[in-house]
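Chemist: This is the structure, below, for whatever I ask next.
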Amino acid sequence: MALSKKPYKGSRDFFPSEMRIRDYLFSQMRKTAHSFAYEAYDGPLLEEVKLYKAKSGEELINEQIYDFTDRGERHVAIRPEMTPTLARMVASVHRQTAKPLRWYAIPNLMRYEKPQRGRVREHWQFNVDIFGAPPVLGEVEILSLIVHFFKNLKADQTMFSILVNDRKIVDAIFNELLQLKDDEAYKLYKVIDKAKKVDDAALDKMISDILADDKKSVFKNYLALSNHLELLEFLKSHKLSDQAQEFMKIMENCEQLGLLPYIQYDPTIVRGLDYYTGLVFEIFDLNPENRRAIAGGGAYASLMKIFDEPELPGIGFGLGDVTLKDFLETHKLLPDLAHASNDLFLCHTEDQELIATQKLALVLREQGLKVELNLGKMKFNKIFKTAESKGHQYVAIVEEKDGHVQVQIKNLPTREAKFFQLSDISEIQNFIKDK
Ligand code: HAM
Numbered sequence: 029m030a031l032s033k034k035p036y037k038g039s040r041d042f043f044p045s046e047m048r049i050r051d052y053l054f055s056q057m058r059k060t061a062h063s064f065a066y067e068a069y070d071g072p073l074l075e076e077v078k079l080y081k082a083k084s085g086e087e088l089i090n091e092q093i094y095d096f097t098d099r100g101e102r103h104v105a106i107r108p109e110m111t112p113t114l115a116r117m118v119a120s121v122h123r124q125t126a127k128p129l130r131w132y133a134i135p136n137l138m139r140y141e142k143p144q145r146g147r148v149r150e151h152w153q154f155n156v157d158i159f160g161a162p163p164v165l166g167e168v169e170i171l172s173l174i175v176h177f178f179k180n181l182k183a184d185q186t187m188f189s190i191l192v193n194d195r196k197i198v199d200a201i202f203n204e205l206l207q208l209k210d211d212e213a214y215k216l217y218k219v220i221d222k223a224k225k226v227d228d229a230a231l232d233k234m235i236s237d238i239l240a241d242d243k244k245s246v247f248k249n250y251l252a253l254s255n256h257l258e259l260l261e262f263l264k265s266h267k268l269s270d271q272a273q274e275f276m277k278i279m280e281n282c283e284q285l286g287l288l289p290y291i292q293y294d295p296t297i298v299r300g301l302d303y304y305t306g307l308v309f310e311i312f313d314l315n316p317e318n319r320r321a322i323a324g325g326g327a328y329a330s331l332m333k334i335f336d337e338p339e340l341p342g343i344g345f346g347l348g349d350v351t352l353k354d355f356l357e358t359h360k361l362l363p364d365l366a367h368a369s370n371d372l373f374l375c376h377t378e379d380q381e382l383i384a385t386q387k388l389a390l391v392l393r394e395q396g397l398k399v400e401l402n403l404g405k406m407k408f409n410k411i412f413k414t415a416e417s418k419g420h421q422y423v424a425i426v427e428e429k430d431g432h433v434q435v436q437i438k439n440l441p442t443r444e445a446k447f448f449q450l451s452d453i454s455e456i457q458n459f460i461k462d463k
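Encoded structure:
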């Protein structure tokens, strides 16, 4: 039987048309990271499973990792997320590195999930993290970097929202107000994480399985909070407002910087990964067509501990390429990437011009132009149609005129045409640069 031409389930082939989009997304990610002075890093595709077991959480380990035992009896996994690798790398250099550390990466990750809109098995994730920042300021920088990223993509506050919460606050409500035991609190975290993904009856049932009626009503009041000011009132009424001080300062600073229109307090945001200890957030498309989070992140204070290193607080996020592309397509924010972006289609019509044409292509490329050379002579009546179908704006035809070889360059949209000597390289460049 013939082999299938399809890629492995949940993974994607990137043909040039998809690769142009991916390159565009990655270039926007790098541009944002660089404008905030974050530096690129990368790590290995495989890590020992115990690295993920230490902090990532049960769902990732039990249901989603691609793991195997290597020839040396090591239990390894293809990276399902980047944060544990990042923490391991930071742990090995942070003592001798100036703080804060500002790092970013765009790794491919694999998770065994049911492929559906916004979910695949191999995705690329823009990771941006800062380590060793003073309290509040690192959180605010990460939130403002996110807003800057979306603004660069021409997205506005009607299109996306950063939903925020704080694990310290949720912990205080669980421990001090609801007096939950550790295992009950852990289960309730998982319930909140699923609160928006299930209907009211299912949610009610999940809560009733963990909480008695009196605690259930307090918990439901918590889930009904709709902004950070209501949260503050709720906490004050239960004498818990101390635990919200840092969170409120983050919100205040965001307000002063004009970021608040993009940010919304949401009690159901707690994050599925176990290592978060402070601010947590997820970014959602406000168009209901895209229900999956575009990004998720938060602050984690104790990841260094697993390497026996002194604590160094980190804050960051991961933003998926699939969900970002869905978002940009839904809001018609992707630029026209139907064609490759070359500068010039270069051809000749008579065999004797072959070498002159090839040489001209080499010289123009040395000047930094992206030149598509037609291989072999071309019939005159095919040239413009071919160049247009490939998305070129300029066509150059090497031909004999008035007894010597010249190059005619035509601007296809304006129909403007000009003849140049083959040695007029800077004039040719200027004609094309004018576009
Ligand atoms: P996460 O919430 O697991 O966080 O993933 C972050 C984002 O990656 C998601 O919001 C989504 O856009 C994308 N993503 C995750 N899984 C898939 C999938 N199966 N298919 C398509 N896209 C997916 C983390 O991974 C944290 N390590 C992020 C982080 C960095 N926190 C602090 N620093």
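Per this note's numbering, residue 29 is the first one in the sequence shown, and the count goes up by one each step. Glycine included, every Cβ here is placed at the ideal spot set by N, Cα and C.
#1: Our contact map puts residue 60 next to residue 203 with C-beta atoms below 8 Å; I'd like the distance itself, whole angstroms only.
#2: I'd like the list of long-range same chain contacts for residue 262, defined as Cβ closer than 8 Å, with 5 residues on each side in sequence excluded.
#3: Buried or exposed for residue 423, please, with buried defined as at least 16 other CB atoms from any protein chain shown within 10 angstroms of its CB.
#4: Could you give the first and the last residue of the continuous beta strand (DSSP E) run that contains residue 342?
#5: On the three-state DSSP scale, how would you describe residue 332?
#6: Following a CB-centred definition, is residue 56 positioned closer than 6 Å to any heavy atom of the ligand HAM?
#7: Assuming residue 437 and residue 446 make a contact with CB atoms under 8 Å, what is their CB distance in whole Å?
#8: Pair every Cβ in the region 344 to 358 with every Cβ in the region 313 to 320, then say whether three or more of these pairs are closer than 8 Å.
#9: Looking at the unbroken beta strand (DSSP E) that takes in residue 436, where does it start and where does it end?
#10: For a minimum of 4 consecutive residues, which ranges assigned as the alpha helix (DSSP H) are wholly contained in the region 165 to 206?
#11: Mark residue 36 as exposed unless 16 or more other C-beta atoms lie within 10 angstroms of its C-beta, in which case mark it buried.
#12: Going by DSSP in three states, residue 412 sits in which element: helix, strand or coil?
#13: Flag this pair as touching only if the region 82 to 95 and the region 277 to 293 have three or more C-beta atom pairs under 8 Å; answer yes or no.
#14: To the nearest angstrom, how far is it from the Cα of residue 114 to the Cα of residue 331?
#15: Is there contact between the region 190 to 200 and the region 263 to 276, where contact requires at least three CB pairs shorter than 8 Å?
#16: Compare the Cα-Cα distances from residue 83 to each of 379, 414, 307, 110 and report the closest residue.
#17: Which ranges would you report for the beta strand (DSSP E) in the region 203 to 263 if only whole runs of at least 3 residues count?
#18: Compute the Euclidean distance between the alpha carbons of residue 303 and residue 344, then round it to the nearest angstrom.
#19: Where does the unbroken alpha helix (DSSP H) through residue 118 begin, and where does it stop?
#20: Tell me, which residues are paired with residue 106 by DSSP?
#21: Over what stretch of residues does the alpha helix (DSSP H) that includes residue 458 continue unbroken?
#22: Return the Cβ separation of residue 117 and residue 69 in integer angstroms, given the expectation that the two are a contact with Cβ distance under 8 Å.
#23: Between which two residues does the alpha helix (DSSP H) harbouring residue 321 extend?
#24: Within the present structure, is the beta-carbon of residue 4 separated from the nearest heavy atom of the ligand HAM by less than 6 Å?
#25: Kindly indicate which residue of 73, 190, 461 has the alpha-carbon position closest to the one of residue 490.
#26: Taking the alpha carbon of residue 350 as the point to measure from, which residue in 137, 216, 34 has its own alpha carbon closest?
#27: So, helix, strand or coil for residue 149, using DSSP?
#28: Given this structure, state the Cα-to-Cα distance separating residue 124 from residue 165, to the nearest angstrom.
#29: Could you spell out where the alpha helix (DSSP H) holding residue 60 opens and where it closes?
Modeler: Taking the geometry as given:
#1: On the sequence shown, position 32 is the one that residue 60 refers to. On the sequence shown, position 175 is the one that residue 203 refers to. Contact between residue 60 and residue 203 is absent: CB atoms are separated by about 37 Å, not below the 8 Å threshold.
#2: For the purposes of this step, residue 262 is taken as the residue at position 234 of the sequence shown. Shown here for residue 262: same chain residues with a beta carbon closer than 8 Å to its own, the five before and five after excluded, namely 249, 250, 253 in chain order.
#3: Numbered from 1 along the sequence shown, position 395 holds the residue referred to as residue 423. Buried, by the Cβ-count rule.
#4: Looking up residue 342 in the sequence shown gives position 314. Taken as a continuous stretch (DSSP letters only), the beta strand (DSSP E) holding residue 342 covers 342 to 348.
#5: The residue you call residue 332 lines up with position 304 of the sequence shown. Collapsing the DSSP output to three states places residue 332 in a helix.
#6: Position 28 of the sequence shown, counted from the first residue, corresponds to residue 56. It does not: the Cβ of residue 56 is nowhere closer than 6 Å to a heavy atom of the ligand HAM.
#7: The sequence position of residue 437 within the sequence shown is 409, counting from 1. The sequence position of residue 446 within the sequence shown is 418, counting from 1. Right, their Cβ atoms sit about 6 Å apart.
#8: Judged by Cβ distances under 8 Å, the region 344 to 358 makes contact with the region 313 to 320, as three or more pairs qualify.
#9: If you number the sequence shown from 1, residue 436 lands on position 408. Per DSSP, residue 436 belongs to the beta strand (DSSP E) from 432 to 439.
#10: Taken in chain order, the complete alpha helix (DSSP H) segments of 4 or more residues contained in the region 165 to 206 are 165 to 180, 195 to 200.
#11: Along the sequence shown, one-based indexing puts residue 36 at 8. Under a 10 Å Cβ-count criterion, residue 36 is classified as exposed, with fewer than 16 other Cβ atoms of the shown protein chains found around its own Cβ.
#12: Locating residue 412 in the sequence shown gives position 384, counting from the first residue. DSSP places residue 412 in the helix class (H, G or I) of the three-state scheme.
#13: In short, these stretches do not touch, since the Cβ pair count stays below three.
#14: Start at 1 with the first residue of the sequence shown, and residue 114 comes out as number 86. Start at 1 with the first residue of the sequence shown, and residue 331 comes out as number 303. Their Cα atoms are separated by approximately 10 Å.
#15: Touching, per the Cβ criterion.
#16: As a position in the sequence shown, residue 83 is number 55, starting the count at 1. Closest by C-alpha distance to residue 83, out of 379, 414, 307, 110, is 110.
#17: Here no run is fully enclosed.
#18: As a position in the sequence shown, residue 303 is number 275, starting the count at 1. As a position in the sequence shown, residue 344 is number 316, starting the count at 1. Taking the straight line joining both Cα atoms gives about 12 Å.
#19: Within the sequence shown, numbered from 1, the residue matching residue 118 stands at position 90. Counting along the chain, the alpha helix (DSSP H) containing residue 118 begins and ends at 111 to 121.
#20: Stepping through the sequence shown from its first residue, residue 106 is reached at position 78. Under the DSSP definition of a beta bridge, residue 106 partners with 74.
#21: Locating residue 458 in the sequence shown gives position 430, where the first residue counts as 1. For residue 458, the uninterrupted alpha helix (DSSP H) run begins and ends at 453 to 461, by DSSP.
#22: Taking the first residue of the sequence shown as position 1, residue 117 is located at position 89. Taking the first residue of the sequence shown as position 1, residue 69 is located at position 41. Indeed they touch by this definition, with Cβ atoms about 7 Å apart.
#23: Within the sequence shown, the letter at position 293 stands for residue 321. First-last for residue 321: undefined, no H or E at that position.
#24: Beyond the ends of the chain as shown, which are 29 and 463, falls residue 4; an answer cannot be given.
#25: Because residue 490 is not part of the residues shown, which for the chain are 29 to 463, the question remains open.
#26: Locating residue 350 in the sequence shown gives position 322, where the first residue counts as 1. Of the listed residues, the one whose Cα sits closest to residue 350 is 137.
#27: Counting from one through the sequence shown, the residue named residue 149 turns up at place 121. DSSP, read as helix, strand or coil, puts residue 149 in coil.
#28: Walking along the sequence shown from the start, residue 124 turns up at place 96. Walking along the sequence shown from the start, residue 165 turns up at place 137. When rounded, the distance between both Cα atoms is 22 Å.
#29: Position 32 of the sequence shown, counted from the start, is the residue given in the question as residue 60. Where residue 60 is concerned, the enclosing alpha helix (DSSP H) stretches over 44 to 63.
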